[in-house]
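One line per chain: the protein sequences are A and B, in this order.
Count the first sequence with this note's numbering and you get residues 441 to 790, in order.
Count the second sequence with this note's numbering and you get residues 24 to 303, in order.
Positions of the beta carbon are idealized from the N, C-alpha and C atoms, including for glycine.
Step one of this worksheet: look at the structure below.
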Amino acid sequence: MTPPFTRRTALGALAGAGAASALPSLGGRALAAPSGQIVVGTWGGDYQNLQQAHIADPLMKPMGVQVVFDTGNDTVRKTKLMAERRLPRGSLDLAALTASGSYEMWKNGALEEIDETKVPNLRNALPQLKTKYSAPHIYTGRVILYNPKLVRTPPTSYADLWAPENAGKVGVIDIQYQTTIESAALVNGGALNDYEPGKAKLLELKNAGVKIYPTNEAMAQALKTEEVAVCIMWRARGVQWRAAGIPVEIVYPKEGVVLYVSELAVPKNARNKEAAYAYLNALLDPRPQAAFARSFGYTPTVANATVDPDVAPQVEFTPELRSRFMLQDQEYLAKNDAQLQEWWNKVFKA
Amino acid sequence: MVRSGLTAAGLLAPASAVVAVGLVLPLVLLFRYSLNRFVPGQFMVEALTAENYVRFAADPYYLAILRTTILMAVGVTLVCLVLAFPVAMVLARARGRWKTVLLLAVVLPLFVGNAVRAAGWMVAFGQRGVVGSLMEAAQLPPVTLMYTPFAVFVGILSVNLPFVVLTLSSVLEGIDERASEAALSLGATPAAAWRLVTLPLSLPGVLAAGVLCFILTMNAYATPVLLGGPRFRMMAPTVAGEVLQQSNWPFGAAISFVLMAVTLALTAGANILVARRHRG
C-alpha cells in the first residue's frame with residue numbers, strides 16, 4: 441500500500457524536485473495555511489507540559505504543525521532574541537516572556553507587531569492585558585501570603601510586613617527583587633513609576649531581621665517549615681502552595697493588585713510566522729485557557745473561557761478586585777531594572 | 024624533513040581549527056563585548072571604552088567578590104592537597120584487585136554531576152536536613168549550615184577531591200619506592216623520609232593537582248549558587264548574573280576577563296615559585 445498523497449507530501453516532493461514553477465498551481469491559500477514546524481521558547485516544567493497537552497497535541501498537530509519546545513528561562517530567551525536580532529532568520533518562532541520582557545524586546549526591535557486578523561481569539565482577550573506586540577497567555581495578581589497560626593492580625597496592606605509583631609517573620613525572594621522594592625515603594629510614598637522610596641523602607645525591613653530566599657520554591661519550603669510566616673507572592677503560587685498543603689492564607693493588599701502577565705510574542709525573524717500566529721490563536725482558545733487555570737492556578741486572559749466552578753474562586757478575580765488592578769510601568773522598569781537589581785545586591789543583601 | 028614537518032602540521036590542523044573556532048574566536052568576541060557600553064533598556068551599545076574594567080576595579084563590592092573567590096580557591100586547594108595526599112599514597116602503592124576497588128571508589132563520585140551533588144548537600148545541610156536532625160538527636164545546639172561559606176567550602180571540596188587524588192597518585196606511582204627505602208635504611212624516620220624524599224620528588228604532581236583544584240574552584244558555579252544562597256558571591260555566578268539576569272553583556276564579559284586574568288596570573292605565579300624551589 442502506498443502512503444496517502446497529501447498536500448504536505450506533495451509540497452515536500454515539489455521542494456525536493458526543485459519544481460518551484462509548479463507551486464502556484466497549488467493556490468495561494470495552501471501556501472499561507474499554517475504548516476511545518478515551529479520552535480516555541482518557553483519555561484519548562486508544568487508550563488511546558490500543559491502547552492504540550494492542551495495546545496500542541498490537540499490543536500496544532502491536526503493542523504499539520506509540529507511544535508518543538510526550546511526550554512529555558514526568560515532571561516536566557518531575551519539574550520537569545522537580542523543576540524539574533526540582526527540575523528535574517530532566528531531560532532525561535534515564538535517566545536514566552538513576562539510583560540516587562542516583551543516590552544523590552546519590542547523596544548529593541550526584536551518583535552513583530554501582531555497581526556490581529558491572524559489571531560482572531562485576541563478579540564476575547566481582556567483589553568488591559570493586550571499589547572501591540574504580544575498575546576497575553578495567563579495572568580495573576582500580587583498578594584500577601586501569611587500563616588494564620590503565626591500571624592494573629594491578618595495583614596491588609598504591604599505596610600503590615602513592617603508591623604512590630606511581624607518582625608523576624610517576613611521572608612523575601614531574591615529573584616523577586618523588583619516586585620519587592622515596588623511593594624515597599626507603594627507604602628512609602630512611591631508609585632509604579634518611582635520605586636526609589638522603597639529602598640529606605642526595605643532597609644528598615646532588613647534591620648527588623650528579614651530572611652532572603654533564592655527562589656520561589658525555597659520560599660515555599662520556608663513557609664512549610666514555618667521559618668517564615670509572611671511573604672509577598674503571586675496569587676497563583678499561593679493557590680498552588682495551598683493545594684500542596686502549605687498553611688497560608690491569601691490577602692489582597694489595599695494598595696492594589698499589581699498584575700503579572702505571561703505573554704507570547706513572535707520574533708521579527710521567526711521562520712514560520714503563519715504557524716506561530718496559529719499557535720497564538722490556539723493559546724487563547726477557551727479550552728486550553730480553562731485547562732491552564734485548573735492545573736496552574738493562573739487566570740485565563742480571555743473573557744470566553746469557562747473555569748470549572750470548583751476552581752473558579754481561586755483563579756478568578758471578582759469585579760471589585762478587578763477595579764483594583766494595577767499594571768507595572770514597563771518604560772520605567774526597562775530603564776531602572778538594572779539599577780534596582782544592583783541596589784538589591786549591593787546594599788540590601790550586603 | 025619537509026615531509027615530516029608537513030605531516031605534523033597536517034595532524035595538528037584539525038585540533039588547532041577546533042580550538043581556534045571553539046575557543047579563541049568566542050574569546051575575541053567576548054573581549055570586544057567587554058569594551059562595549061551597557062545602556063539600560065537598550066542592552067549593548069557599540070563603543071570602545073574601558074569603563075567596565077574601571078567599574079570593576081573601583082567598586083569594593085566586586086573586589087570583595089574577587090577576594091572571596093581567591094580565598095575560597097586557595098583554601099579548598101590547600102585542604103584538598105592535605106586530604107588527598109595520604110589517599111593518593113595508598114592508591115599508588117596498592118596492587119591487584121584492591122587497587123581496582125580503591126580506584127573505583129575514587130572515580131565513582133565523578134559519575135554524579137556537580138549540581139546533583141550540591142543538591143545532595145542541600146538535603147544534608149537544610150534546616151530540617153540530615154546534619155540538623157543528627158545534631159538535634161544528639162541534643163546539640165542547632166547550627167545553620169545551609170547558605171554559608173562553609174557549606175560552599177565543603178561542597179567544592181567534595182567535588183574537587185577525586186581530581187586531586189587521581190592526579191597525585193599518578194605522579195606518586197612514578198616515584199621509585201627504593202628512594203624512600205634508602206632514606207629509611209640510612210636512619211631517617213618515616214616522617215623525615217616523606218618530608219625529605221617523597222614530597223620533593225612529588226612536587227610536580229602536587230603543583231599539577233593544586234593548579235587543577237585552584238582553577239576548578241575559581242570557576243565554580245553550581246556549588247556556590249546552590250549552597251551559598253543569595254548573599255554569598257563568587258565570580259562565576261556573578262558573570263552569569265550580569266549576562267543572564269541583567270542582560271549586561273559588556274560588564275559580564277569584563278568580569279570574565281578579570282577572572283581569567285587573575286586565575287592565569289596566580290597559576291603562573293605558583294608555577295614559577297614551585298619551579299624555583301624544585302631547582303634549589
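Proximity of the region 517-530 of chain A to the region 716-726 of chain A falls short of the contact definition, fewer than three beta-carbon pairs being nearer than 8 Å. In the pairwise beta carbon analysis, the region 476-486 of chain A is classified as touching the region 502-516 of chain A: at least three pairs are separated by under 8 Å. For residue 768 of chain A, the three-state secondary structure derived from DSSP is coil. Of the candidates A:593, A:566, A:547, the residue whose Cα lies closest to the Cα of residue 573 of chain A is A:547. At a cut-off of 4 residues, the continuous stretches assigned as alpha helix (DSSP H) that sit fully inside the region 479-535 of chain A are 486-491, 514-524. Distance from the Cα of residue 500 of chain A is smallest, within the candidate group A:688, A:473, A:571, A:575, for A:473. The alpha carbon of residue 189 of chain B has as its nearest neighbour, out of B:153, B:114, B:287, the alpha carbon of B:114. Excluding sequence positions up to five before and after residue 522 of chain A, its CB lies within less than 7 Å of the CB of 548, 550, all in the same chain and listed in chain order. At a beta-carbon threshold of 7 Å, the residues of chain B lying near residue 778 of chain A are 63, 269, 271, ordered along the chain. Not flagged as an interface residue toward chain B: residue 489 of chain A, since no C-beta distance is shorter than 8 Å. Taking each of A:608, A:578, A:763 in turn and checking the Cα distance to residue 670 of chain A, the smallest one comes out for A:608. Contacts with chain A at 8 Å (Cβ-Cβ) include residue 84 of chain B. For residue 614 of chain A, the chain B residues whose Cβ falls inside 7 Å of its Cβ are 253, in order along the chain. In the structure shown, residue 711 of chain A falls within a coil segment according to DSSP collapsed to helix, strand and coil. DSSP, read as helix, strand or coil, puts residue 761 of chain A in helix.
Listed in chain order, the positions of the region 499-519 of chain A with a beta carbon within less than 9 Å of a beta carbon of chain B are 513, 515, 516, 518, 519. Inclusion of residue 755 of chain A and residue 586 of chain A in the CB contact set at 8 Å is not warranted, their separation being larger than that value.
When secondary structure is reduced to three states using DSSP, residue 255 of chain B falls in the coil class, being assigned neither helix nor strand. Distances from the CA of residue 704 of chain A to each of A:494, A:566, A:571, A:680 were compared; the closest alpha carbon is that of A:571. With a cutoff of 8 Å on beta-carbon distance, residue 611 of chain A and residue 651 of chain A are scored as near each other.
Within the same chain, 95, 96, 99, 100, 179, 183 come within 7 Å of residue 240 of chain B by CB-CB distance, once the 5 residues on both sides are set aside. Residue-level contact by beta carbon holds for residue 266 of chain B and chain A, with a gap shorter than 8 Å.
The beta carbon of residue 116 of chain B does not come within 8 Å of any beta carbon belonging to chain A, so the residue lies off that interface.
Within a 10 Å sphere around the beta-carbon of residue 268 of chain B sit 16 or more other beta-carbons, which makes this residue buried.
When 8 Å is used as the limit between beta carbons, residue 151 of chain B is near these residues of chain A: 665, in chain order.
By the beta-carbon neighbour count (other beta carbons within 10 angstroms, threshold 16), residue 295 of chain B is exposed. Listed in chain order, the alpha helix (DSSP H) runs fully inside the region 682-732 of chain A are 713-723, counting runs of at least 4 residues.
Here DSSP, grouped into helix, strand and coil, assigns residue 790 of chain A to coil.
Using a 10 angstroms sphere on the CB of residue 606 of chain A, the tally of other CB atoms reaches 16 or more, which defines it as buried.
Neighbours of residue 652 of chain A across chain B, judged by C-beta separation under 7 Å: 253, 254. Rounded to the nearest whole angstrom, the C-alpha separation of residue 71 of chain B and residue 58 of chain B is 5 Å. For residue 579 of chain A, the beta-bridge partners assigned by DSSP are A:701, A:739.
By the CB criterion at 8 Å, residue 198 of chain B and residue 221 of chain B fall inside the cutoff. Judged by DSSP in its simplified three-state form, residue 586 of chain A adopts strand.
Scanning chain A for C-beta atoms nearer than 8 Å to the C-beta of residue 280 of chain B yields nothing, as the closest lies near 19 Å away. Listed in chain order, the non-local C-beta contacts of residue 654 of chain A below 8 Å within the same chain comprise 613, 614, 615, local neighbours out to five positions each way being set aside.
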